[in-house]
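**Q** Handing you this structure, nothing more for now.
Residue numbers (this note's numbering), protein chains in the order written: chain V, 1 to 226; chain S, 227 to 471.
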């Protein structure tokens with residue numbers, strides 16, 4: 001069982017690096033889900049549009065992004081998008097920007113579906129009743145449908161955040177500061193190959209299980225009025 | 227002669243390729259209580275739902291208080307405020323308290339002050355014996371209580387007509403009477419009511435006029451006595467023989 005003590009020793013010795021990486025991961029996941037929610041809301045509204053071309057474009061966006069690997073998307077945003085045109089090139093934006101943008105776009109497609117299904121899961125009788133009372137379409141959406149849909153959406157967004165904590169590990173490929181990059185540093189500087197991996201796995205596991213607990217707590221709180 | 231409150235002209239409704247309504251012409255006059263009877267699939271609920279455009283007719287017109295509400299240029303929400311509707315599955319708003327269920331639309335759409343809306347809502351709740359539940363959420367109510375709440379929620383908008391879409395079909399038997407009592411009180415007070423129901427005894431007792439529908443058309447109509455006791459229409463007779471003991 002010598003390897004366990006070795007893992008713990010490495011974890012303790014380089015704790016500052018691991019903490020920095022953990023904060024980087026949380027920051028990246030948080031920004032991604034926050035901006036992904038804004039963009040995803042817009043996409044879900046477009047997808048639910050009664051105007052067919054708009055709805056088809058939104059469906060295409062969601063389909064392509066969910067149907068291609070995140071790593072491929074990240075490479076495209078790393079290699080192709082910054083060089084796309086002279087104007088974009090002239091902006092000279094950092095890699096962090098393009099990688100975050102790619103993560104946000106990826107997340108927005110999943111979040112758009114979370115929001116759409118959350119809204120459509122609200123019983124159609126609710127909007128019928130509100131309309132029959134003479135409520136305007138905006139009020140039906142804002143006062144009747146959304147408050148009920150939010151109960152379906154919030155826990156699913158929590159799960160998306162948990163997913164993103166793991167998915168952001170791919171960003172280390174592009175030297176973005178997060179947990180997996182900590183491993184690269186430790187390997188190249190101190191020749192520690194396998195020990196950091198276990199430390200990182202433990203950190204990921206602790207983060208995701210704590211957050212899962214949080215999500216199920218939230219779910220129970222939201223279910224109270226049903 | 228008084229003008230009809232609702233006039234339906236050549237109304238048809240198709241779902242995909244199925245013709246549910248095959249040309250309905252009908253007038254509802256102010257103060258009338260009309261019950262629509264018929265086997266399931268006859269189109270009676272669809273007809274009722276066309277009266278406030280919850281179902282958009284495939285062709286034909288619905289004239290409400292002189293305005294063609296199938297016209298896309300009108301403000302439909304404004305006209306719907308005058309047409310109350312009660313649903314089979316109550317459709318009370320679970321995220322709002324009993325009181326808020328009643329006050330939300332008058333406050334939002336008719337700009338009634340919160341105080342006035344609440345005062346009126348409390349009076350309505352007293353009428354149905356639910357004033358003690360005003361600040362509870364609907365999950366604490368029984369089916370019968372939910373349906374009575376749904377009725378007064380519609381009344382709070384001061385409608386000129388009430389549509390009832392099988393209001394007792396989803397209720398436990400012992401709750402049916404409470405709900406029917408409220409509807410009967412409305413009818414007795416002169417509210418125009420259009421009721422789709424399977425409660426034959428109630429329809430016979432409360433209605434001024436019975437409409438019998440089958441296969442998307444009005445097969446027969448008349449006073450309760452004419453339809454229940456002296457019908458000549460073989461379809462009506464067959465239907466009644468199946469539903470009456």
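For every residue, glycine included, the Cβ atom is placed at its ideal position computed from N, Cα and C. Values in this document were obtained by computation on a predicted structure and should not be read as measured data.
Pull up the distance between the alpha-carbon of residue 91(V) and that of residue 100(V), whole angstroms please.
**A** Working through the first chain from its first residue, we reach residue 91(V) at position 91. Working through the first chain from its first residue, we reach residue 100(V) at position 100. Cα to Cα, residue 91(V) sits roughly 16 Å from residue 100(V).
**Q** Quick check on residue 404(S): does DSSP put it in helix, strand or coil?
**A** On the second chain, position 178 is the one that residue 404(S) refers to. Residue state, collapsed to three classes: helix.
**Q** Is there a Cβ of chain V sitting closer than 9 Å to that of residue 270(S), yes or no?
**A** The residue labelled residue 270(S) in the question sits at position 44 within the second chain. No, because no Cβ of chain V sits closer than 9 Å to the Cβ of residue 270(S).
**Q** Roughly how many angstroms separate the alpha carbons of residue 410(S) and residue 212(V), rounded to a whole number?
**A** As a position in the second chain, residue 410(S) is number 184, starting the count at 1. As a position in the first chain, residue 212(V) is number 212, starting the count at 1. About 53 Å.
**Q** Within 8 Å, do at least three Cβ pairs link the segment 331-347 of chain S to the segment 386-406 of chain S?
**A** No, they do not touch.
**Q** Is any beta-carbon of chain S found at less than 9 Å from that of residue 120(V)?
**A** Walking along the first chain from the start, residue 120(V) turns up at place 120. No, residue 120(V) does not count as interfacial toward chain S.
**Q** List the DSSP bridge partners of residue 294(S).
**A** Locating residue 294(S) in the second chain gives position 68, where the first residue counts as 1. In DSSP, residue 294(S) forms a bridge with 289(S).
**Q** Going by alpha carbons, who is nearest to residue 232(V) out of 102(V), 109(V) and 125(V)?
**A** It is not possible to answer for residue 232(V), since the shown part of chain V is limited to 1 through 226.
**Q** Measure the C-alpha to C-alpha separation of residue 405(S) and residue 274(S) and round it to an integer number of angstroms.
**A** Walking along the second chain from the start, residue 405(S) turns up at place 179. Walking along the second chain from the start, residue 274(S) turns up at place 48. For residue 405(S) and residue 274(S), the distance between alpha carbons rounds to 19 Å.
**Q** Taking the continuous alpha helix (DSSP H) assigned at residue 106(V), which residues delimit it?
**A** Numbered from its first residue, the first chain carries residue 106(V) at position 106. First-last of the alpha helix (DSSP H) with residue 106(V): 95-120.
**Q** Can you find the residues in the same chain that come closer than 7 Å, C-beta to C-beta, to residue 113(V), ignoring five residues on each side of it along the sequence?
**A** One-based indexing of the first chain puts residue 113(V) at position 113. 62.
**Q** Please identify the residue among 441(S), 455(S), 365(S) and 423(S) whose C-alpha is closest to the C-alpha of residue 263(S).
**A** Here residue 263(S) refers to the residue found at position 37 of the second chain. Looking at the Cα atoms, 423(S) is the closest of the given residues.
**Q** For residue 391(S), list the residues DSSP reports as bridge partners.
**A** Translated into the one-based positions of the second chain, residue 391(S) becomes position 165. DSSP, once it has assigned bridges, lists 422(S) as partnering residue 391(S).
**Q** Less than 9 Å separating the beta-carbons of residue 313(S) and residue 128(V)?
**A** As a working mapping, residue 313(S) is identified with position 87 in the second chain. As a working mapping, residue 128(V) is identified with position 128 in the first chain. A contact, by the Cβ cut-off of 9 Å.
**Q** Is residue 232(S) closer than 9 Å to residue 300(S) when the C-beta atoms are compared?
**A** Here residue 300(S) refers to the residue found at position 74 when the second chain is read from its first residue. Here residue 232(S) refers to the residue found at position 6 when the second chain is read from its first residue. No, these two residues do not count as a Cβ contact at 9 Å.
**Q** Could you tell me which residues DSSP pairs with residue 237(S) in its beta bridges?
**A** The count along the second chain starts at 1 and reaches residue 237(S) at position 11. DSSP lists 250(S) as partners of residue 237(S).
**Q** Just how far apart, CA to CA, sit residue 104(V) and residue 328(S)?
**A** Within the first chain, numbered from 1, the residue matching residue 104(V) stands at position 104. Within the second chain, numbered from 1, the residue matching residue 328(S) stands at position 102. The alpha-carbon atoms of residue 104(V) and residue 328(S) are separated by roughly 42 Å.
**Q** Just to confirm, is the Cβ distance from residue 179(V) to residue 11(V) under 9 Å?
**A** To locate residue 179(V), count along the first chain from 1; it is residue 179. To locate residue 11(V), count along the first chain from 1; it is residue 11. No.
**Q** Secondary structure at residue 345(S), three-state DSSP: helix, strand or coil?
**A** On the second chain, residue 345(S) is found 119 positions in, with the first residue counted as 1. In this structure, residue 345(S) counts as helix in the three-state DSSP scheme.
**Q** Could you give the first and the last residue of the continuous alpha helix (DSSP H) run that contains residue 54(V)?
**A** The residue given as residue 54(V) occupies position 54 in the first chain. From DSSP, the alpha helix (DSSP H) with residue 54(V) extends over 52-66.
**Q** Name, please, each residue of chain V whose Cβ falls closer than 8 Å to the Cβ of residue 429(S).
**A** Position 203 of the second chain holds residue 429(S). Within chain V, no residue comes near residue 429(S); the closest Cβ sits about 22 Å away, beyond 8 Å.
**Q** Check the Cβ-Cβ distances between residue 307(S) and every residue of chain V, and say whether any is below 9 Å.
**A** Residue 307(S) sits at position 81 when you count from the first residue of the second chain. So yes, residue 307(S) belongs to the interface.
**Q** Taking only runs of the alpha helix (DSSP H) that begin and end inside the segment 424-453 of chain S, which ones reach a length of at least 4 residues, in chain order?
**A** The segment 424-453 of chain S contains these whole alpha helix (DSSP H) runs: 426-432.
**Q** Check each residue of the segment 328-347 of chain S: if its Cβ is closer than 7 Å to any Cβ of chain V, include it; give the result in chain order.
**A** The segment 328-347 of chain S vs chain V, Cβ under 7 Å: 330, 331, 334 and 335.
**Q** List the endpoints of the continuous alpha helix (DSSP H) containing residue 127(V).
**A** Taking the first chain and counting its residues from 1, the one referred to as residue 127(V) is at position 127. From DSSP, the alpha helix (DSSP H) with residue 127(V) extends over 124-132.
**Q** Could you tell me the alpha carbon to alpha carbon distance between residue 120(V) and residue 144(V), rounded to whole angstroms?
**A** In the first chain, counting from the first residue as 1, residue 120(V) sits at position 120. In the first chain, counting from the first residue as 1, residue 144(V) sits at position 144. Going from the Cα of residue 120(V) to the Cα of residue 144(V) covers about 13 Å.
**Q** Output yes if chain S places a C-beta closer than 9 Å to the C-beta of residue 144(V); else output no.
**A** If you number the first chain from 1, residue 144(V) lands on position 144. Closer than 9 Å: yes.
**Q** With DSSP as the reference, identify every bridge partner of residue 311(S), one or two as the case may be.
**A** Position 85 of the second chain holds residue 311(S). DSSP output for residue 311(S) lists 389(S) as bridge partner(s).
**Q** Comparing alpha-carbon positions, which option in 384(S), 303(S) and 471(S) lies nearest residue 136(V)?
**A** In the first chain, residue 136(V) corresponds to position 136, counting from 1. Measuring from the Cα of residue 136(V), the nearest candidate turns out to be 303(S).
**Q** Does the contact criterion of 3 or more C-beta pairs under 8 Å hold for the segment 12-19 of chain V versus the segment 69-87 of chain V?
**A** Contact fails: fewer than three Cβ-Cβ distances are below 8 Å.
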